[in-house]
Amino acid sequence: MNDEVVVEIEDAVVSYREDVALRGISLRVRRGEFVGIIGPNGAGKTTLLTLINGLGKLLQGRVRVLGYPLSRDNARWIRTRVGYVAQVQNIDPRMPINVREVVMIGRYGRLGLLRRPSKADWAIVERMIELVGMSHLADRPIGHLSGGEQQRVAIARALAQEPDIFLLDEPTANLDWRAQREILELVKRIHTTRELTTLFVTHDLNTLPRACDRVVLMKDGLIRGEGRPEEVLREDVLSELYDTPIRIIEHDGRRVVLS
Ligand code: ATP
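Every letter in the sequence shown is one number past the one before it in the numbering used here, and letter 148, counting from 1, is 461.
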């Protein structure tokens with residue numbers, strides 16, 4: 314991690330017609346940080362990621378990503394430098410596109426839609442498929458994969474962009490325990506080896522210590538606090554954030570969050 318600030322948000326207000334989703338938030342993220350974002354449904358977490366991905370519409374405030382202010386001219390460039398992985402989606406099993414082709418979609422931001430992928434582009438795609446452990450399924454239709462496998466492909470697609478910033482929006486939601494653990498370990502390994510800056514939205518509070526350098530707490534369109542995982546994994550902090558009593562127990566030297 315170094316001192317270069319790659320995400321700089323000042324007093325950002327974002328609304329979708331009459332709903333105000335972000336009500337004046339400020340956040341700075343340094344290159345190489347792994348930041349967790351938690352908070353109840355509707356807190357504005359996804360909207361915050363969208364803003365960093367160059368897609369949000371600011372009503373007020375300032376956003377700079379990788380040193381560039383968010384503007385219509387810069388938004389497309391910003392999106393090529395930001396990889397985004399969402400929750401596992403329901404994919405129609407008849408969708409006529411295989412793993413390799415899905416990962417190539419990640420290259421199109423750089424290529425432009427009209428240029429054909431070169432050998433070098435396909436080589437990057439193969440490398441990313443290998444990195445996420447999916448080489449043996451590279452020819453399989455995307456709709457014929459398990460949720461965990463689909464998330465590996467989504468990660469490979471984001472990496473094929475060769476991003477600087479990696480945004481993950483509940484990437485382990487709806488996966489079984491083993492797939493959750495494997496995806497989290499993969500994300501951590503990729504964060505380190507590819508020297509990314511990662512923002513990770515999750516409802517799984519127990520993954521925070523293993524994953525994050527810093528955790529940001531969001532509620533009602535505002536940032537309500539932040540700290541190291543051990544600072545925020547406290548009954549009073551989480552009970553107030555989620556408006557419900559939350560218990561934490563010690564087990565094997567670890568804090569475990571119970572709801
Ligand atoms: P969750 O944990 O449920 O995914 P979140 O913290 O990611 O929630 P957002 O999805 O950012 O929250 O939503 C913040 C607010 O903005 C909510 O009140 C939501 O209803 C509203 N909102 C989000 N997307 C849209 C949209 N496309 N159109 C209208 N309102 C929206």
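Note that beta-carbon positions come from the ideal geometry of N, C-alpha and C, so glycine has one too. Computed from a predicted structure; not experimentally measured.
Inter-residue CB distance, Val-326 and Leu-362 (contact presumed, cutoff 8 Å): Here the question's residue 326 lines up with position 13 in the sequence shown. Here the question's residue 362 lines up with position 49 in the sequence shown. Actually they are not in contact, since the Cβ atoms of Val-326 and Leu-362 sit about 16 Å apart, beyond 8 Å.
Per-residue DSSP class, three states only, for Ser-431: Here residue 431 corresponds to residue number 118 of the sequence shown, with the count starting at 1. Coil, per DSSP.
DSSP beta-bridge partners of Asn-487: Taking the sequence shown and counting its residues from 1, one reaches residue 487 at position 174. DSSP, once it has assigned bridges, lists no residue as partnering Asn-487.
Continuous alpha helix (DSSP H) stretch holding Arg-392: start and end: Translated into the one-based positions of the sequence shown, residue 392 becomes position 79. Where Arg-392 is concerned, the enclosing alpha helix (DSSP H) stretches over 385–394.
Beta carbon of Pro-365 nearer than 7 Å to that of Val-348: Here the question's residue 365 lines up with position 52 in the sequence shown. Here the question's residue 348 lines up with position 35 in the sequence shown. In the sequence as displayed, the identity of residue 365 is Ile instead of Pro. No, Cβ-Cβ distance for Ile-365 and Val-348 is not below 7 Å.
Helix, strand or coil at Asp-549 according to DSSP, with G and I counted as helix: Taking the first residue of the sequence shown as position 1, residue 549 is located at position 236. Of the three classes helix, strand and coil, the one that applies to Asp-549 here is helix, per DSSP.
Ala-334 Cβ short of 6 Å to ligand 1 heavy atom set: In the sequence shown, the residue the question calls residue 334 occupies position 21. For ligand 1, at least one heavy atom lies less than 6 Å from the Cβ of Ala-334.
Whole alpha helix (DSSP H) elements within the segment 497–559, 4-residue minimum: 521–524, 542–545, 548–555
Nonlocal neighbours in the same chain, by C-beta distance under 7 Å from Gly-446, ignoring five residues either side: For the purposes of this step, residue 446 is taken as the residue at position 133 of the sequence shown. Counting only Cβ-Cβ distances below 7 Å, and skipping sequence neighbours, we find Arg-465.
For Ile-365, three-class secondary structure by DSSP: Against the sequence shown, residue 365 aligns to sequence position 52. Helix, per DSSP.
For Leu-450 and Asp-549, the rounded distance between their alpha carbons: Stepping through the sequence shown from its first residue, residue 549 is reached at position 236. Stepping through the sequence shown from its first residue, residue 450 is reached at position 137. If I take the Cα positions, the gap works out to 46 Å.
Distance, Phe-479 Cα to Arg-429 Cα: The count along the sequence shown starts at 1 and reaches residue 429 at position 116. The count along the sequence shown starts at 1 and reaches residue 479 at position 166. Roughly 25 Å between the two C-alpha positions.
Ala-399 - DSSP class collapsed to helix/strand/coil: The residue you call residue 399 lines up with position 86 of the sequence shown. Correct three-state label for Ala-399: coil.
For Thr-359, the nearest candidate out of Gln-402, Leu-383, Met-531 (CA to CA): For the purposes of this step, residue 359 is taken as residue 46 along the sequence shown, with counting starting at 1. Answer by Cα proximity: Met-531.
Bounding residues of the alpha helix (DSSP H) (the contiguous stretch that carries Gly-345): For this step, residue 345 is matched to residue 32 along the sequence shown. Run containing Gly-345: none; DSSP gives neither H nor E here.
Asp-489 versus Ile-562, Leu-512, Asp-517, Phe-513, residue with shortest Cα-Cα distance: Position 176 of the sequence shown, counted from the start, is the residue given in the question as residue 489. Comparing Cα positions, the closest option is Asp-517.
heavy atom of ligand 1 below 6 Å from Asn-354 C-beta: Indexing the sequence shown from 1 puts residue 354 at position 41. Yes, the beta carbon of Asn-354 sits closer than 6 Å to at least one heavy atom of ligand 1.
Contact check, Gly-419 vs Arg-470, beta carbons under 7 Å: In the sequence shown, the residue the question calls residue 419 occupies position 106. In the sequence shown, the residue the question calls residue 470 occupies position 157. Their beta carbons are under 7 Å apart, which means Gly-419 touches Arg-470 by this criterion.
Closest Cα partner of Leu-509 within the set Ile-468, Ser-431, Arg-537: One-based indexing of the sequence shown puts residue 509 at position 196. Of Ile-468, Ser-431, Arg-537, the residue nearest in Cα terms is Ile-468.
C-alpha distance - Asp-556 paired with Gly-538, whole-angstrom precision: Along the sequence shown, one-based indexing puts residue 556 at 243. Along the sequence shown, one-based indexing puts residue 538 at 225. Cα to Cα, the separation comes out at about 15 Å.
heavy atom of ligand 1 below 6 Å from Lys-370 C-beta: Stepping through the sequence shown from its first residue, residue 370 is reached at position 57. No.
Exposure of Ile-587, with buried meaning 16 or more beta-carbon neighbours within 10 Å: As shown, the chain starts at 314 and ends at 572. That puts residue 587 outside it, with no answer to give.
Lys-358: CB within 6 Å of a non-hydrogen atom of ligand 1: Taking the first residue of the sequence shown as position 1, residue 358 is located at position 45. Yes; taking the cut-off as 6 Å, the Cβ of Lys-358 has a heavy atom of ligand 1 nearer than that.
C-beta contact flag for Val-318 and Arg-343 at 7 Å: Numbered from its first residue, the sequence shown carries residue 318 at position 5. Numbered from its first residue, the sequence shown carries residue 343 at position 30. The answer is yes: Cβ separation under 7 Å.
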